[in-house]
Amino acid sequence: MATVELKGVGKRYGALKVIDDIDLNLEDGSLTVFVGPSGCGKSTLLRMIAGLEPITTGDILIDGQRINDATPTERGVAMVFQNYALYPHMTVRNNIGFPLRMAGMKSADISQRVEQAANRLHITPLLERKPAALSGGQRQRVAIGRAIVRDPNVFLFDEPLS
3 MATVELKGVG KRYGALKVID DIDLNLEDGS LTVFVGPSGC GKSTLLRMIA GLEPITTGDI
63 LIDGQRINDA TPTERGVAMV FQNYALYPHM TVRNNIGFPL RMAGMKSADI SQRVEQAANR
123 LHITPLLERK PAALSGGQRQ RVAIGRAIVR DPNVFLFDEP LS
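Per my numbering, residue 3 is the first one in the sequence shown, and the count goes up by one each step.
Dropping the structure here:
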């Protein structure tokens, strides 16, 4: 894992201030939960850390490196969304391995990582099923598996239990 540091990070949409200059230091290996009412900026904050939403002010650092201008793929961050975003035409195995295939990893290495993630999440018996044949909780574990196989520096979960 990695440290994440926010220095005066803010977000505005025109005159509307959505995130107000946050200073935050998240230690390596820590678990941090953002709690608040709907619309208070929790998802926006996570999306800014992941690089899916540009920041208006401040700096984001991962392991001491400023990543403001880094693309999402360059940040070493995996984000699991509330809606799972699984590919309905792919099996669980292929859904979990998809980001590794896109990264050009060898098939044998992909298979090994997928098996390890499936074991860890207790979904090995589901590997040949498609998302439509899974419960909501099983779909969620597949989405988490897709994040785990990437071996990211930082995991972000946006309402994973909703």
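We put the beta carbon where it would ideally sit given N, CA and C, even for glycine. Bear in mind that the values here come from a model prediction, so they are computed numbers and not experimental data.
Given a cut-off of 8 Å on the beta-carbon distance, is the pair V82 and R95 in contact?
Not closer than 8 Å, so no.
Three-state secondary structure (DSSP) at I21?
Here I21 sits in strand by DSSP.
So for L8, helix, strand or coil by DSSP?
In this structure, L8 counts as strand in the three-state DSSP scheme.
So, are the CB atoms of M3 and D30 less than 8 Å apart?
The answer is yes: Cβ separation under 8 Å.
Output the residue ranges of the beta strand (DSSP E) runs that lie fully inside the segment 83-134 and measure 3 residues or longer, sorted by chain position.
For the segment 83-134, not a single whole beta strand (DSSP E) run of length 3 or above is found.
Rounded to a whole number of angstroms, what is the C-alpha to C-alpha distance between G43 and I21?
Whole-angstrom Cα-Cα distance: 6 Å.
Mind checking whether A52 and V79 have CB atoms under 8 Å apart?
Yes, the Cβ-Cβ distance between A52 and V79 is below 8 Å.
Across which residues does DSSP place D61 in a beta bridge pair?
Its beta-bridge partners are K9.
Where do the ends of the beta strand (DSSP E) carrying L158 lie?
156-159 is the span of the beta strand (DSSP E), which, as asked, contains L158.
Spell out whether any CB of chain B is found under 8 Å from the CB atom of T73.
No chain B appears in this structure, which consists of one protein chain only.
Would the segment 135-153 and the segment 57-67 be scored as touching if the rule is three or more Cβ pairs under 8 Å?
No: the two stretches stay apart, fewer than three of their Cβ pairs being nearer than 8 Å.
May I have the straight-line CA-CA distance separating T34 from H91, to the nearest angstrom?
T34 and H91: Cα-Cα distance of roughly 34 Å.
Rounded to a whole number of angstroms, what is the C-alpha to C-alpha distance between N85 and G138?
Rounded to whole angstroms, N85 to G138 spans 10 Å at the Cα level.
Would you tell me roughly how many angstroms separate the C-alpha atoms of A17 and G147, rounded to the nearest one?
For A17 and G147, the distance between alpha carbons rounds to 39 Å.
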